[in-house]
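*Asks:*
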Amino acid sequence: MKLNGEVLKRKFLNGSLGLTLISIVLGFLLGAIILLVAGFNPLEAYWVILKGIFSRSKYISYVIIYATPLIITGLSVAFALRTGLFNIGAEGQYIMGAIMAAAAGYFFKLPLILHVTLAVGLAVIVAAIWGGLAGYIKARFGVHEVISTIMLNWIALYFSNFVVTLKVFGSQGTGKSYAIQSTARINLLSDWKISEAGIEFIRSHKVLGDILKTPINAGIIFAILLAVLVWYILNKTTLGYELRAVGFNPHAAEAGGINVKKSMVISMLISGGLAGAAGAFQVLGVSHRIAKLAAMEGYGFDGIAVSLIGNNTGPGSVFAGLLFGALKYGGSKIQDAMQAPTEVINIMIGTIILFVAMPKLIRLILTILERRAKN
Amino acid sequence: MEAIIKDMGFIIGTTLMYSTPLMFTSLGGVITERSGVVNIGLEGMMFFGAFVGATVAYYSQSPWLGFVCAGLGGALLGLIHAIACVSFAAEQIVSGIAINFLGSGFALFLSRLFFDGATQTLTIPKKIPLPFSFLFGEGKLFQSAGFMDLVFNRFATVYLAFFLVAVVWFVLYKTKIGMRVQAVGEHPEAADTLGINVYRIRYGAVMTSGFFAGLGGAAMSIAVVSRFSNTLISGHGFIALAAMIFGKWKPQGAMLACLLFGGAKGVEIYLGAKGFPVPSSLLAMLPYILTIIVLVGVVGKTTPPAAIGRIFDKSGK
Amino acid sequence: MTAIDFSQKIVEMIDVVKKFGDFVANDRINLTVHKGEVHSLLGENGAGKTTLVNCLYGLYRPTQGRIRIKGQEVEISDPNAAIQLGIGMVHQHFMLVDTFTVTQNIILGRETTKMMGVLDIARAEKKVAEISERYGLAINPRDKIQDISVGSQQRVEILKALYRGAEILILDEPTAVLTPQEIQELVMIIRNLTQEGKSIIIITHKLHEIKQVADYCTIIRRGKFIDTVEVDKVTEQELASMMVGREVSFAVEKKAQQKGEQILAIQDLVVKDNRGIAAVNGLNLTLHKGEILGIAGVDGNGQSELVEALTGLRKVAGGSITLRGKEITGSKPKEVINRWNIRTIPEDRQKRGLVMEFDVAENLILETYHDTPFSVRGMLNRDKIYAYADHCTQVYDIRPTNPYLTAKSLSGGNQQKVIIAREVSNDPEVLIASQPTRGLDVGAIEYVHTALVNQRDRGKAVLLISFELDEVMNVSDRIAVIFEGKIVGIVDAIGVDENEIGLMMAGGTP
């Protein structure tokens with residue numbers, strides 16, 4: 008029995024899940040040390056964060072809202088990575104999706120479900136083309152996707168800033184597009200919330216009312232569905248087999264008759280489409296419009312972190328996205344509560360990724376600890 | 010005619026100003042990648058350097074001290090990247106992503122501590138000086154606001170950047186250490202069999218790249234503007250990275266690519282100032298579109314260092 | 068003739084042990100080399116020859132044992148220390164920076180400088196030219212490595228060691244990439260070196276080369292020291308049986324040939340390499356049912372490009388390939404595999420043959436994953452895939468018999484079995500086997516050869532490409548010799564003269 012436990016422990020520690028969890032612990036540890044050095048009580052800070060995440064239903068709702076786009080951009084990055092492509096461009100694909108969703112949401116006048124479907128569909132298509140373009144440039148001209156997607160990110164950003172200045176799309180001088188039609192919104196019970204019965208309900212039901220006060224929307228449901236879809240495509244379909252083969256060894260895949268270049272383009276199309284969906288759900292569920300961007304918002308870059316922490320899988324991205332969203336939202340609370348810089352969260356995320364990248368170091372630490380424990 | 014020359018001077022001058030932060034960082038990229046280590050963390054290093062530079066310059070009132078400390082700050086992040094990639098066989102792109110989170114995280118964290126919860130520093134008392142300002146003005150060699158003034162009366166960092174391009178070129182191609190860096194990037198095993206310490210060379214190259222990226226950040230925060238803020242760097246490190254590849258991993262190539270990006274910025278600012286009816290966002294887009302076109306068409310075959318991104322591991326030996 | 072000075076022991080390795088984790092690569096090996104001696108290290112792939120010399124060169128630290136150089140006990144911590152002691156090494160895979168010049172490569176790590184670390188290339192070039200002349204190496208110090216021939220590159224490697232004042236030269240499989248003529252030149256260079264008092268340690272598994280060049284031979288088998296023998300006093304047969312530990316018959320057992328109709332015809336084929344040069348240049352060849360056609364030739368004469376053109380991985384620049392009279396030139400890899408049923412055992416199994424992170428089952432379906440029953444309407448059918456893999460591991464004796472293991476975790480021989488299972492089980496019309504036994508041990512080699520002969524006996528056609536002339540001669544029914552992208556001669560394997568083929572391989576006409 009003891010032997011079995013030992014074997015299980017080994018498997019856990021050498022598996023990717025074990026390494027990720029250890030990395031997360033190390034990330035929190037380092038965050039604590041930094042807070043301590045900066046003169047804050049780390050336990051208090053973590054307690055504030057924890058309370059900021061779980062103590063009210065409203066907070067949980069916000070965590071989910073924060074996490075939704077991160078989960079989906081995480082899926083986007085993960086999908087490309089499994090085909091051996093590093094999609095730094097999720098950021099730009101997200102922007103393109105957001106532009107398209109805002110445009111479709113504002114210009115069309117359609118019934119609810121149809122309108123949402125159309126807006127999301129168009130956003131996904133445009134973003135897929137944006138991502139697929141990087142895949143095509145790589146397949147056809149051999150330009151590394153990291154470089155082309157960095158360029159495409161900036162082009163998307165400036166394109167977005169351009170379209171919000173158009174008269175038909177946004178009122179002049181505000182730097183914002185017009186809000187999308189109510190039929191394109193995916194918020195839950197948004198009409199009812201402002202009806203008399205709704206206001207009464209929110210007032211009398213503390214827990215549920217709290218949730219309803221937030222822009223809670225159907226995005227998270229779509230995010231989870233997309234995660235399942237990604238997992239299914241990669242592991243259960245012929246296409247997924249091809250893409251994974253290309254990701255692990257393009258030379259062998261090519262010799263086996265798989266069209267490697269086509270796979271690259273398809274992978275980037277799907278990856279881009281996913282990032283576009285993230286942008287679409289954010290517009291349809293939270294912001295309802297797009298605005299001039301002074302800098303990158305970082306959803307795509309955060310998605311890289313989510314993907315890496317989630318071990319580049321569908322389910323992993325959901326958990327990593329929730330973790331990231333929770334830290335981002337909960338972490339913002341320590342600023343007001345104790346004047347501790349909320350950016351400790353970025354440091355923690357960076358540390359986690361760094362340790363995830365170094366299984367060799369973690370194994371070394373474990374061996375040393377084990378030796379110590381024996382002596 | 011005179012007006013056109015003056016406008017040209019304005020565009021060239023702005024180009025130089027905006028190119029130099031990129032140039033420092035891009036040179037750093039050349040150094041690390043020629044040694045075989047991809048450094049996508051340049052952005053974070055630049056970010057951190059911009060903060061350190063402005064903060065030290067603010068408290069010490071010495072822009073040069075700030076400048077050097079910015080380099081050291083970048084080198085510190087470089088050390089982390091080197092530990093991960095060189096010693097612990099980390100995936101280099103992943104480690105670079107982590108560096109970007111750490112660089113911006115530490116910069117903003119410390120900024121809030123030092124500047125009363127703000128994500129930007131206060132305005133520094135003294136910027137990097139204009140070394141040739143004594144030549145320009147009333148009764149001097151050149152009149153102020155003329156072509157010569159607009160082009161050559163620039164921050165010392167501008168001149169330093171060009172000087173460093175020459176230095177990096179010379180070191181890389183004409184000296185022992187440069188040859189070893191190249192050998193390590195092309196064929197680390199060969200270098201190893203000749204008794205060259207691959208790890209040490211790569212540590213040195215990655216940390217130097219961090220130092221340069223840090224300088225690039227400071228060239229932004231204490232020369233182009235006079236404070237650090239959380240949106241100051243926003244992607245310049247990535248552009249410098251692209252410029253390095255655009256420039257085919259050569260210092261002189263990187264310099265030209267940085268001038269292209271800076272030039273686009275210069276034209277954009279000029280047209281904006283002149284109130285031309287072209288939307289500035291569309292103009293801002295141009296260099297990126299151009300880069301893609303160039304990468305696709307003209308550059309065609311770029312040959313990165315042969316061992317780039319490859320983990321060199323002689324453990325167990 | 069011989070230049071050995073028996074009074075001076077230059078290298079003594081005494082009871083050297085090298086372990087990697089639990090694996091013992093060298094188990095108490097002894098080696099003594101005198102001044103002016105050519106000492107050969109003989110052993111199969113993976114026997115531990117390279118590990119031993121890496122210990123001598125300071126790339127590995129021996130776990131136990133002692134090393135003496137010129138009678139002094141030494142500890143060789145790194146290549147620098149080895150170089151200091153006068154040890155130089157020419158690696159099997161050349162350790163040259165392609166983009167550097169000859170001189171840059173030679174001085175790397177030992178740079179001639181002016182002040183402040185600024186390189187003094189001119190001075191170095193002069194010295195390089197001097198050494199080249201003295202030993203008859205014919206090297207231009209200003210050439211770039213990527214522009215010179217493989218033979219020249221090898222001489223640069225030798226020059227590199229001599230530049231560092233090497234007294235002892237280790238040559239790791241030096242002839243693998245050379246033409247017979249270049250091998251003769253190398254033999255001459257080795258003679259020159261020993262006359263000048265240098266000692267040579269040469270690693271090889273080619274017996275006739277040992278007979279030709281070496282004075283003494285130390286045999287290693289599975290990491291263990293077997294014997295050191297005087298080469299003149301043993302036969303090749305004796306050396307071979309010491310190497311593998313049993314009597315070896317070089318011949319592959321096979322039935323009389325039942326040669327059938329022509330199936331594959333290649334006419335005036337032109338294929339360009341990565342640099343745009345015609346590596347296959349007007350090649351003609353026909354392949355019949357029920358035969359193994361072996362292609363003999365030195366590496367780099369267009370073999371890889373020929374295989375890549377046949378498998379659709381490389382564009383055909385001219386000429387035609389026909390299967391049963393049907394033109395198949397320019398087919399995509401998928402068509403070649405699934406439509407024409409031409410299967411390939413690729414030359415680099417880890418790069419082209421397997422997805423190392425995939426498990427055995429996933430690798431077995433790499434060419435058929437899209438067909439029923441493995442895949443139905445775009446969905447994988449895992450039950451069928453793993454049932455098929457179970458079947459294959461049984462039939463093809465893939466060990467361990469667990470289809471869930473990754474290819475990475477298998478031995479080289481078993482990796483090759485996975486590939487053979489995949490390529491052969493679909494009963495291909497034509498089987499192309501490119502370097503199918505590279506890096507395998509004797510047991511696995513026999514397995515591969517049997518698999519090829521089985522295909523032939525079932526009336527299928529086999530095209531065998533190998534740089535090992537022995538393999539081509541033993542397995543094939545007919546032998547075609549490739550030289551500079553052309554077939555320069557075709558002979559029947561029965562009663563063939565090795566020298567005749569050797570001459571053709573070097574471009575001579577018999």
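Residue numbers (this note's numbering), protein chains in the order written: chain X, 8 to 382; chain A, 10 to 326; chain B, 68 to 577.
Note that the Cβ used here is the ideal one computed from N, Cα and C, for glycine as well.
#1: Does DSSP put residue 560 of chain B in a helix, in a strand, or in coil?
#2: Excluding sequence positions up to five away, which residues of its chain have a Cβ less than 6 Å from the Cβ of residue 30 of chain X?
#3: Exposed or buried, which one is residue 300 of chain A when buried takes at least 16 other CB atoms within 10 Å?
#4: Would residue 503 of chain B pass as an interface residue toward chain A - the criterion being a Cβ-Cβ separation below 8 Å?
#5: Check distances from the C-beta atoms of the stretch 257-278 of chain A to those of chain X and list, in chain order, the residues that come in under 9 Å.
#6: Compare the C-beta of residue 214 of chain B against all C-beta atoms of chain A and say whether one is closer than 8 Å.
#7: Excluding the five sequence neighbours on either side, which residues of its own chain have a C-beta within less than 8 Å of the C-beta of residue 228 of chain B, listed in chain order?
#8: Judging by CA-CA distance, which residue of X:105, X:124, X:122 is the nearest neighbour of residue 170 of chain X?
#9: With residue 284 of chain B as the anchor, note down where its beta strand (DSSP E) starts and where it stops.
#10: Would residue 249 of chain X be called buried (16 or more neighbouring beta carbons within 10 Å of its own) or exposed?
#11: Whole angstroms are fine: how far does the CA of residue 100 of chain B sit from the CA of residue 268 of chain B?
#12: Ordered along the chain, which non-local residues of its own chain (more than five positions away) have a Cβ less than 7 Å from that of residue 463 of chain B?
#13: Measuring only the C-alpha atoms, how far is residue 452 of chain B from residue 429 of chain B?
#14: Tell me whether residue 46 of chain X is buried or exposed, calling it buried when 16 or more other Cβ atoms sit within 10 Å of its Cβ.
#15: Taking DSSP's pairing of strands, which residues face residue 426 of chain B in a bridge?
#16: What whole-angstrom Cβ distance do residue 353 of chain X and residue 57 of chain A have, given they're in contact under 8 Å?
#17: Which residues bound the alpha helix (DSSP H) around residue 52 of chain X?
#18: Excluding five sequence neighbours on each side, which residues of the same chain lie with their C-beta closer than 7 Å to the C-beta of residue 381 of chain B?
#19: Might you give, ordered along the chain, the residues of its own chain that have their beta carbon closer than 7 Å to the beta carbon of residue 334 of chain B, omitting 5 neighbours on each side?
#20: In angstroms, rounded to a whole number, what distance separates the CA positions of residue 326 of chain A and residue 150 of chain B?
#21: How close, in whole Å, do the beta carbons of residue 56 of chain X and residue 337 of chain X come, if the pair is a contact with beta carbons under 8 Å?
#22: Check whether the stretch 292-306 of chain B touches the stretch 342-357 of chain B, taking contact to mean three or more Cβ pairs, one atom from each stretch, closer than 8 Å.
#23: I'd like the ranges of any alpha helix (DSSP H) spanning at least 4 consecutive residues and lying wholly in the stretch 187-258 of chain A.
#24: Whose Cβ in chain A lies nearer than 8 Å to the Cβ of residue 172 of chain X?
#25: Any idea which residues DSSP pairs residue 72 of chain B with across the strands?
#26: Which residues does DSSP list as the beta-bridge partners of residue 87 of chain B?
#27: Which residues, taken in chain order from the stretch 288-310 of chain X, show a beta carbon closer than 8 Å to some beta carbon of chain A?
#28: Are the beta-carbon atoms belonging to residue 568 of chain B and residue 530 of chain B less than 8 Å from one another?
#29: Tell me the rounded alpha-carbon separation between residue 25 of chain X and residue 34 of chain X.
#30: Please list, in chain order, all residues of the same chain as residue 237 of chain X whose beta carbon is under 6 Å from its beta carbon, the five residues on each side excluded.
#31: In the DSSP output, which residue or residues are listed as bridge partners for residue 338 of chain B?
#32: How about residue 69 of chain X and residue 181 of chain X: do their beta carbons lie closer than 8 Å?
#33: Would you call the stretch 292-311 of chain X in contact with the stretch 97-112 of chain X, where contact means no fewer than 3 C-beta pairs closer than 8 Å?
#34: Return helix, strand or coil for residue 410 of chain B, following the three-state DSSP convention.
#35: Looking at C-alpha atoms only, which residue of X:244, X:98, X:290 is the closest neighbour of residue 157 of chain X?
#36: Would you give the residue range spanned by the alpha helix (DSSP H) that residue 497 of chain B belongs to?
*Replies:* Answer, in terms of the structure:
#1: Along the third sequence, one-based indexing puts residue 560 of chain B at 493. Residue state, collapsed to three classes: coil.
#2: Mapped onto the first sequence, residue 30 of chain X falls at position 23. 359, 362, 363.
#3: Here residue 300 of chain A corresponds to residue number 291 of the second sequence, with the count starting at 1. With 16 or more other Cβ atoms within 10 Å, it is buried.
#4: Within the third sequence, numbered from 1, the residue matching residue 503 of chain B stands at position 436. Answer no: the Cβ-Cβ gap between residue 503 of chain B and chain A never drops below 8 Å.
#5: none
#6: Numbered from 1 along the third sequence, position 147 holds the residue referred to as residue 214 of chain B. No - not a single Cβ of chain A is within 8 Å of the one on residue 214 of chain B.
#7: In the third sequence, counting from the first residue as 1, residue 228 of chain B sits at position 161. Only 155, 156, 157, 236 meet the Cβ criterion.
#8: Working through the first sequence from its first residue, we reach residue 170 of chain X at position 163. Closest option to residue 170 of chain X, Cα to Cα, is X:105.
#9: Start at 1 with the first residue of the third sequence, and residue 284 of chain B comes out as number 217. Residues 283-288.
#10: Here the question's residue 249 of chain X lines up with position 242 in the first sequence. Classification for residue 249 of chain X: buried.
#11: One-based indexing of the third sequence puts residue 268 of chain B at position 201. One-based indexing of the third sequence puts residue 100 of chain B at position 33. If I take the Cα positions, the gap works out to 8 Å.
#12: Along the third sequence, one-based indexing puts residue 463 of chain B at 396. Only 484, 487, 488 meet the Cβ criterion.
#13: Locating residue 452 of chain B in the third sequence gives position 385, counting from the first residue. Locating residue 429 of chain B in the third sequence gives position 362, counting from the first residue. Residue 452 of chain B and residue 429 of chain B: Cα-Cα distance of roughly 8 Å.
#14: Looking up residue 46 of chain X in the first sequence gives position 39. The residue in question, residue 46 of chain X, is exposed, as its Cβ has fewer than 16 Cβ neighbours within 10 Å.
#15: Here the question's residue 426 of chain B lines up with position 359 in the third sequence. Per DSSP, B:473.
#16: As a working mapping, residue 353 of chain X is identified with position 346 in the first sequence. As a working mapping, residue 57 of chain A is identified with position 48 in the second sequence. Actually they are not in contact, since the Cβ atoms of residue 353 of chain X and residue 57 of chain A sit about 12 Å apart, beyond 8 Å.
#17: By 1-based counting over the first sequence, the position of residue 52 of chain X is 45. Run containing residue 52 of chain X: 49-61, per the alpha helix (DSSP H) assignment.
#18: For this step, residue 381 of chain B is matched to residue 314 along the third sequence. The residues are 338, 372, 375.
#19: Counted from its first residue, the third sequence places residue 334 of chain B at position 267. Result list for residue 334 of chain B: 351, 386, 387, in chain order.
#20: Counting from one through the second sequence, the residue named residue 326 of chain A turns up at place 317. Counting from one through the third sequence, the residue named residue 150 of chain B turns up at place 83. With a pLDDT of only 40 at residue 326 of chain A, under 50, the local geometry of the prediction cannot be trusted, and the value read off the model is given with reservation. Residue 326 of chain A and residue 150 of chain B: Cα-Cα distance of roughly 18 Å.
#21: Counting from one through the first sequence, the residue named residue 56 of chain X turns up at place 49. Counting from one through the first sequence, the residue named residue 337 of chain X turns up at place 330. Contact flag correct, Cβ pair sits at about 4 Å.
#22: no
#23: 197-202, 207-228, 245-255
#24: Numbered from 1 along the first sequence, position 165 holds the residue referred to as residue 172 of chain X. Chain A residues near residue 172 of chain X: 288, 290.
#25: Taking the third sequence and counting its residues from 1, the one referred to as residue 72 of chain B is at position 5. DSSP output for residue 72 of chain B lists B:102 as bridge partner(s).
#26: Numbered from its first residue, the third sequence carries residue 87 of chain B at position 20. DSSP lists B:90 as partners of residue 87 of chain B.
#27: 301, 302, 303, 308
#28: Indexing the third sequence from 1 puts residue 568 of chain B at position 501. Indexing the third sequence from 1 puts residue 530 of chain B at position 463. In this structure, residue 530 of chain B does not lie closer than 8 Å to residue 568 of chain B by Cβ.
#29: Against the first sequence, residue 25 of chain X aligns to sequence position 18. Against the first sequence, residue 34 of chain X aligns to sequence position 27. Going from the Cα of residue 25 of chain X to the Cα of residue 34 of chain X covers about 14 Å.
#30: For the purposes of this step, residue 237 of chain X is taken as the residue at position 230 of the first sequence. The residues are 82, 86, 321.
#31: For this step, residue 338 of chain B is matched to residue 271 along the third sequence. Residue 338 of chain B pairs with B:347, B:383.
#32: The residue labelled residue 69 of chain X in the question sits at position 62 within the first sequence. The residue labelled residue 181 of chain X in the question sits at position 174 within the first sequence. Against a cut-off of 8 Å, the Cβ pair of residue 181 of chain X and residue 69 of chain X comes out as no contact.
#33: yes
#34: As a working mapping, residue 410 of chain B is identified with position 343 in the third sequence. Looking at residue 410 of chain B - three-state DSSP - the assignment turns out to be strand.
#35: Position 150 of the first sequence, counting from 1, holds the residue named residue 157 of chain X. Among X:244, X:98, X:290, the Cα nearest to that of residue 157 of chain X belongs to X:98.
#36: The sequence position of residue 497 of chain B within the third sequence is 430, counting from 1. No alpha helix (DSSP H) holds residue 497 of chain B; the beta strand (DSSP E) holding it covers 497-501.
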